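Student: Take this structure first; my questions come after.
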Amino acid sequence: MSPSTRQNLVFILILVTVNLALFLPSMSGDFLWDDVLLITENPALHDPQFLSKFLTSPFGGSLGKDENSRRLERVSQFYRPLTSLSYWLDFSVWGKNPAAFHLTNICLHILNVSLLFYFLSLLGVGPFPSFFGALLFSFFPLHFENVAWISGRTDLLSFLFIAFSCLLLLRYLKTDRSHSLRLSGLFYFFSLLSKETALFLPAVFLMIFFSRNRRLKILVREMSPFLIAFAAWFGLRSLSLSSSGFLLSGRPFGDLFASIGYYVYRLIFPFNLPFTIDADRIFGRTEYLFLGGLVVVSGIVVLAVFLRNQKKGLTPALLLTAFLLSLLPSVLVIFSEATVSFLAWRFLYLPSVFFIGGMASLFRQGGKRPAVSILVLIGLLALYGMELYPKNRAFGSSEKEFWTGIKKYDRENILARFNIAQFSLSENEEKSLEIFNSILSRSDHFLYTRFKTRIHEELAAFYTFNGRPDEAKRYFDELLRTGPNMSQHFYVTYASYLALTDRPEEGRNIIDRLLSLFPENHLILLHAAKFYIILQDYDRALELLTRDFALFPTEEIKGLLEQVRRVKDKHPGPVI
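Per the numbering used here, the very first residue in the sequence shown carries number 380; after that it's consecutive.
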């Protein structure tokens, strides 16, 4: 073994050890937030035909197989089949053990860190600067959401395949072997199947080919694997989602620049971070608009100079253009009507590479003063670690402990504050009502109408099932005044409220109406069965649960079926 190989192995072992120490605390955590939808309550993971369907199924599966259910779900669905496959593999081996899912995330991150170290070394950054860059990427505070949160896996997988695609392209540029180019296109396809983050990659590769004075015929041949991969992904996505169109949120275009400006600011100063980003405090802020506009204009100018001056100056143009393009899929989500988390730390996993790569280059230039470089590195790692580690530990909690453990909840976005109040409701009603009222006091918030309804639904359900029908009535009356287009959650809760307040026929009419509209919807069938359990009509409840289990054979429904059968045989009181 050569000295350089031995040195690289030592570096890799250090990186593995450091990342395990940083992220292992998250392994004791529960399924959290979107994890429930994507894993624990995802019927697709229980489907025996999963492997034959996952390439043409929406991310997270579908909770309804009838046309009305599909129509309602289309607006909020994504297409990420390889991430779904990774969840299915974890689920098939470990069942619903969150520690195993967390460990997979940690292993993916370690692999990405190792690939970044290798990639920087191939670019000639040097072994020590490459190692420093990989260390900074390991400690980078903005990555807590990607690694410590199971649902952050989309960016980890997408990055993994982007890295392989770039490495294979480098090999092609050095050897001119066409199979490396085709494999690069294949891994680009895999990255798209993990998350849409990689959409920009062919544009970056085109700049590289263009800088090498390729003739048009050769340029078309070199770009064809990536164009074919994109076309295949787009076709599969269209087939899977059957989308009726992209519904616009009505956000002003300036919010795009504010988003870019805020992301750039946080890449440079990733400290004192909330768990979520409150977009309402970012959009329209002059400083972020200015910074975002400055970065975009700089990118355009650098690209124009690159194209004008005989394609010289590739590296700065490539880095800045790639950085902006890597941000683009994430900032464009603010224009989607379905979006609630307009800005998120996990969106910066890939863009942070360009910032880290620039810092690694600075370490290389500081080679004449290694002591200074090492001191700067140690200082940064200490600051990054103090920001990152407590958040990883927080993700190592139960879902309830996670939300109720956030003390500075006024810094979080509206969805996080809603969750904090929701999980605090049973133990600290006063605190929950205070948070809910703080949300309701902001009638100028762009998500006010949506969350006003959700808060009233949550409080109506809480008071209904805690034997306080008079207080529940107040919120149901408010919801009924808002109009007929209420959520499924409202109607099933209202039906249960009617059953518990001696108006079962009215509740039954609502349930029958829902079943006629959504005859193959998992949530409607489940809640309809629970409604009939309240009425002690166990035959009807068993019929609905049997239909649900035939469509969505989950362990939860199987267990509930067995429980209701036992109750029916013994004829005890109602079970909810």
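By construction, the Cβ of each residue, glycine as well, lies at the ideal position given by its N, Cα and C atoms.
Here the structure is a predicted model, which means the values were calculated and not measured.
(1) According to DSSP, is I393 part of a helix, a strand, or is it coil?
(2) Are H481 and G531 close, meaning C-beta to C-beta below 8 Å?
(3) Do A851 and T843 have their beta-carbon atoms positioned less than 8 Å apart in this structure?
(4) Between D657, D469, H488, which lies nearest to D789 when the distance is taken from Cα to Cα?
(5) Who are the Cβ neighbours of A739 in its own chain at under 8 Å, not counting the five residues just before and after it?
(6) For my contact list, Q867 and I903 are in at a C-beta cut-off of 8 Å; report their separation, rounded to the angstrom.
(7) Can you look up G784 in the DSSP assignment and give me helix, strand or coil?
(8) Might you give, ordered along the chain, the residues of its own chain that have their beta carbon closer than 6 Å to the beta carbon of F662, omitting 5 neighbours on each side?
(9) Can you have a look at D927 and say buried or exposed, based on whether 16 or more other CB atoms are within 10 angstroms of its CB?
(10) Going by DSSP, what residue range makes up the alpha helix (DSSP H) through I587?
(11) If distances are taken between C-alpha atoms only, which option among A929, T384, L921 comes closest to R945?
(12) Using a threshold of 8 Å, state whether the C-beta atoms of S731 and F519 are closer than that.
(13) Can you tell me whether S715 is helix, strand or coil according to DSSP?
(14) Helix, strand or coil for G886 per DSSP?
(15) Quick one: measure Cβ to Cβ for T462 and L399, integer angstroms, because I've assumed they're closer than 8 Å.
(16) Pick helix, strand or coil for P437, following the three-state DSSP scheme.
(17) Closest to V397 by C-alpha separation, out of N688, S517, N807, would be which residue?
(18) Which runs of the alpha helix (DSSP H) spanning at least 4 residues fall entirely within the segment 868 to 942, listed in chain order?
(19) I'd like the list of long-range same chain contacts for L711, defined as Cβ closer than 6 Å, with 5 residues on each side in sequence excluded.
(20) Sort out for me which residues DSSP pairs G633 with in a bridge.
(21) Would you kindly report the start and end of the unbroken alpha helix (DSSP H) that includes F457?
(22) What did DSSP end up calling G962 once you bin it into helix, strand or coil?
(23) Return the chain-ordered ranges of every alpha helix (DSSP H) run that is complete within the segment 724 to 810 and spans a minimum of 4 residues.
(24) Out of H522, G678, F589, which has the shortest C-alpha to C-alpha gap to T655?
(25) Which residue wins for smallest C-alpha separation from F566, given the options C545, R449, S557, P404?
(26) Report the CB separation of L704 from F579 in whole angstroms; it is logged as a contact under 8 Å.
(27) How big is the Cα-Cα spacing for D948 and Q915?
(28) So, for L762: in the same chain, excluding its five sequence neighbours on each side, which residues have a beta-carbon less than 8 Å away from its beta-carbon?
(29) Let me know if V492 comes out buried or exposed under the rule of 16 or more other beta-carbons within 10 Å of its beta-carbon.
(30) Since G672 is in the alpha helix (DSSP H), which residue starts that stretch and which ends it?
(31) Whose C-alpha, out of N792, V599, G784, is nearest the C-alpha of N807?
(32) Just the C-alpha distance for R687 and L501, rounded to the nearest angstrom, thanks.
(33) Taking the DSSP output, what are the residues bridged to G443?
(34) How would you label Q386, buried or exposed, when you count the other beta carbons within 10 angstroms and need 16 or more for buried?
(35) Are the CB atoms of L416 and G443 nearer to each other than 8 Å?
(36) Run the CB neighbour count on I955, radius 10 Å, all protein chains shown included, and call it buried at 16 or more, exposed below.
Tutor: Checking against the coordinates, here is how it stands:
(1) On the sequence shown, residue 393 is found 14 positions in, with the first residue counted as 1. Note: I393 maps to helix in three-state DSSP.
(2) For the purposes of this step, residue 481 is taken as the residue at position 102 of the sequence shown. For the purposes of this step, residue 531 is taken as the residue at position 152 of the sequence shown. No, the Cβ-Cβ distance between H481 and G531 is not below 8 Å.
(3) Indexing the sequence shown from 1 puts residue 843 at position 464. Indexing the sequence shown from 1 puts residue 851 at position 472. Result yes, Cβ atoms of T843 and A851 sit closer than 8 Å.
(4) Taking the first residue of the sequence shown as 1, we reach residue 789 at position 410. Ranking the options by Cα distance to D789, first place goes to D657.
(5) On the sequence shown, residue 739 is found 360 positions in, with the first residue counted as 1. Excluding residues within five positions, the ones whose Cβ falls inside 8 Å are L499, V504, P508, S509, F511, G512, L515.
(6) For the purposes of this step, residue 867 is identified with residue 488 of the sequence shown, where counting begins at 1. For the purposes of this step, residue 903 is identified with residue 524 of the sequence shown, where counting begins at 1. Yes, they are in contact, since the Cβ atoms of Q867 and I903 sit about 6 Å apart, within 8 Å.
(7) Here the question's residue 784 lines up with position 405 in the sequence shown. Three-state DSSP puts G784 in coil, outside helix and strand.
(8) For the purposes of this step, residue 662 is taken as the residue at position 283 of the sequence shown. For F662, where only same-chain residues beyond five positions count, the Cβ hits under 6 Å are D634, A637.
(9) Looking up residue 927 in the sequence shown gives position 548. Per the 10 Å Cβ criterion, buried.
(10) Translated into the one-based positions of the sequence shown, residue 587 becomes position 208. 580 to 590 is the span of the alpha helix (DSSP H), which, as asked, contains I587.
(11) Translated into positions along the sequence shown, residue 945 becomes position 566. The shortest C-alpha separation from R945 is found at L921.
(12) Start at 1 with the first residue of the sequence shown, and residue 731 comes out as number 352. Start at 1 with the first residue of the sequence shown, and residue 519 comes out as number 140. The answer is yes: Cβ separation under 8 Å.
(13) Numbered from 1 along the sequence shown, position 336 holds the residue referred to as residue 715. Of the three classes helix, strand and coil, the one that applies to S715 here is strand, per DSSP.
(14) The sequence position of residue 886 within the sequence shown is 507, counting from 1. Correct three-state label for G886: helix.
(15) For this step, residue 462 is matched to residue 83 along the sequence shown. For this step, residue 399 is matched to residue 20 along the sequence shown. 23 Å between Cβ atoms; not a contact.
(16) Within the sequence shown, numbered from 1, the residue matching residue 437 stands at position 58. DSSP places P437 in coil when its eight states are reduced to three.
(17) Taking the sequence shown and counting its residues from 1, one reaches residue 397 at position 18. Closest by alpha carbon: S517.
(18) 883 to 896, 901 to 913, 917 to 930
(19) By 1-based counting over the sequence shown, the position of residue 711 is 332. Nothing listed; no residue qualifies.
(20) The residue given as residue 633 occupies position 254 in the sequence shown. Paired residues: none, contrary to the question.
(21) Sequence index remark: in the sequence shown, residue 457 carries index 78 (1-based). Run containing F457: none; DSSP gives neither H nor E here.
(22) As displayed, the chain neither begins before 380 nor continues past 955, which places residue 962 out of reach and without an answer.
(23) 730 to 744, 749 to 773, 778 to 783, 793 to 803
(24) Your numbering for residue 655 matches position 276 in the sequence shown. Measuring from the Cα of T655, the nearest candidate turns out to be H522.
(25) As a working note, residue 566 is residue 187 in the sequence shown. When each option's Cα is compared against that of F566, the closest is C545.
(26) The residue given as residue 704 occupies position 325 in the sequence shown. The residue given as residue 579 occupies position 200 in the sequence shown. Contact flag correct, Cβ pair sits at about 3 Å.
(27) Here the question's residue 948 lines up with position 569 in the sequence shown. Here the question's residue 915 lines up with position 536 in the sequence shown. Using only the alpha carbons, I get a separation of about 12 Å.
(28) Sequence index remark: in the sequence shown, residue 762 carries index 383 (1-based). Once the five neighbours on either side are set aside, the close Cβ partners of L762 are F650.
(29) Your numbering for residue 492 matches position 113 in the sequence shown. With 16 or more Cβ atoms within 10 Å of its Cβ, V492 is classed as buried.
(30) Against the sequence shown, residue 672 aligns to sequence position 293. 665 to 687 is the extent of the alpha helix (DSSP H) around G672.
(31) By 1-based counting over the sequence shown, the position of residue 807 is 428. Taking only the C-alpha atoms, the option nearest N807 is G784.
(32) Here residue 687 is taken as the residue at index 308 of the sequence shown, counted from 1. Here residue 501 is taken as the residue at index 122 of the sequence shown, counted from 1. In a straight line, the C-alpha of R687 is about 29 Å away from that of L501.
(33) Reading the sequence shown from its first residue, position 64 is the one you call residue 443. G443 pairs with N900.
(34) Numbered from its first residue, the sequence shown carries residue 386 at position 7. Under this definition Q386 is an exposed residue.
(35) Your numbering for residue 416 matches position 37 in the sequence shown. Your numbering for residue 443 matches position 64 in the sequence shown. The answer is no: Cβ separation not under 8 Å.
(36) For the purposes of this step, residue 955 is identified with residue 576 of the sequence shown, where counting begins at 1. Note that I955 scores 44 on pLDDT, short of 50, meaning its location in the model is unreliable and no value can be drawn from it.
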